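Enquirer:
In the working numbering, the protein residues as written are 76 to 406.
(1) Could you tell me the boundaries of the beta strand (DSSP E) in which residue 275 lies?
(2) What does the alpha-carbon distance come out to for the pair residue 81 and residue 146?
(3) Give every residue of the same chain whose Cβ lies closer than 6 angstroms to the Cβ of residue 257, excluding the five residues on either side of it in the sequence, and list them in chain order.
(4) Excluding five sequence neighbours on each side, which residues of the same chain lie with their C-beta closer than 8 angstroms to the C-beta of residue 212?
(5) Taking the continuous beta strand (DSSP E) assigned at residue 234, which residues delimit it?
(6) Rounded to the nearest angstrom, what separates residue 351 and residue 188 at their Cα positions?
(7) Rounded to whole angstroms, what's the CA-CA distance from residue 105 to residue 93? Just pull it up for me.
(8) Assuming residue 265 contacts residue 121 (C-beta within less than 8 angstroms), just tell me the rounded distance between them.
(9) Counting only the same chain and skipping the five closest in sequence on each side, list residues whose C-beta sits under 7 angstroms from that of residue 318.
(10) Whose C-beta lies closer than 8 angstroms to the C-beta of residue 261 among residues of the same chain, with five residues either side of it excluded?
(11) So, helix, strand or coil for residue 283, using DSSP?
(12) For residue 270, count neighbouring Cβ atoms within 10 angstroms of its own Cβ and tell me buried if that reaches 16, exposed if not.
(13) By the DSSP assignment, the beta strand (DSSP E) with residue 222 in it spans what residues?
(14) Can you check DSSP and say which residues form a bridge with residue 117?
(15) In terms of residue numbering, what span does the beta strand (DSSP E) encompassing residue 81 cover?
(16) Express the C-alpha separation of residue 218 and residue 233 in angstroms, rounding to a whole number.
(17) Thinking just about the alpha-carbon of each residue, which of 134, 133, 115 is nearest to the one in residue 125?
(18) Quick check: what's the CA-CA separation for residue 338 versus residue 167?
(19) Quick check on this structure: which residue in 359, 246, 395, 397 has the alpha carbon closest to the alpha carbon of residue 380?
(20) In this structure, what does DSSP give as the bridge partners for residue 103?
(21) With a 10 Å radius around its C-beta and 16 neighbouring C-beta atoms as the bar for buried, classify residue 87 as buried or exposed.
(22) Among 321, 405, 89, 95, which residue has its Cα nearest to the Cα of residue 154?
(23) As a quick exercise: from 321, 357, 84, 98, pick the residue whose alpha carbon is nearest that of residue 78.
(24) Considering only DSSP beta bridges, list what residue 89 is partnered with.
(25) Are residue 223 and residue 164 touching if we call contact CB-CB under 8 angstroms?
(26) At which residue ranges does the region 314-363 contain complete alpha helix (DSSP H) runs of 4 or more residues, listed in the order of the chain?
(27) What residue range does the alpha helix (DSSP H) around residue 261 cover?
(28) Quick one: give me the first and last residue of the beta strand (DSSP E) that residue 299 is part of.
(29) In the DSSP assignment, find the alpha helix (DSSP H) that holds residue 394 and state where it starts and stops.
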């Protein structure tokens, strides 16, 4: 009988799920994947008590119920379906992360685990490798992978063959953190609502924010060992959904590969700066209120660490890597 796995990724900005079926030993085919926006990170960072509030818990519950219904409708009766989920940065950092996960785990009979940023990096690396394996544009065995969420980012150096990691860089910034910092810089106050906006943004404000991010990243440079040993000649693979900074970067550049920081700066000036939310919506820009902050973070990391061009692969969080990592399914 066919086996199935449902992998959940509870992130700071979205809750994601991939349902896959077995094609044989250690081979899995995704048959469904989706992410639902649940702004846990934003809610915690704009709270007064560093806790996940009740309305956000209700949205998490709704998302998990929707995914449970999808699993029920796609897995044949009597078939074996394993389910497992990981929770990332915001659940590590807030006061009630484990409490919320325990409630959801019991309600949905879904094992949930808060993973470290090192584990998060490994799952992201495996996801990037699996997605790029069929690509003709990535031929090198040794790669850098870059996964950026709402609260943190990870750059990993390793081998696609056997998924062996040689270095992990844990980045302190994510999309939500960058957005909040940008709005604070412009409006001189913490944004009061997820729909708060930094638009329209001037070129001077954009450049000032880039320098602010680069200054903070500069403090982390001594830990950036992925840059050593001719690391800059290694291909970079980025992953993320259709609201990620990498997706937005590819949309602005109008291709998925060979995306350079200098080109991104030009594209931001051409398409994003000086425009209102309504003008950006007309250009089909996703999450217009925080789009500039997301691209600013991408540009800042690339410039500060002198990264070469990257190739983007769309993913449902890191759920595909989670499906393929047997260590998470032993119990």
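Every residue gets a Cβ at the ideal spot worked out from N, C-alpha and C, and that includes glycine. Fair warning: this is a prediction, and the values are worked out from it, not measured in the lab.
Expert: Let me lay it out:
(1) No beta strand (DSSP E) contains residue 275, which DSSP labels as neither H nor E.
(2) 8 angstroms
(3) 273, 284, 368
(4) 332, 386
(5) 228-234
(6) 40 angstroms
(7) 7 angstroms
(8) 6 angstroms
(9) 361, 362
(10) 273, 276, 280
(11) helix
(12) exposed
(13) 217-223
(14) None; residue 117 has no bridge partner.
(15) 78-85
(16) 6 angstroms
(17) 115
(18) 35 angstroms
(19) 246
(20) 97
(21) buried
(22) 95
(23) 98
(24) 112
(25) no
(26) 320-328, 336-346, 352-356
(27) 250-262
(28) Per DSSP, residue 299 belongs to no beta strand (DSSP E) and is neither H nor E.
(29) 394-399
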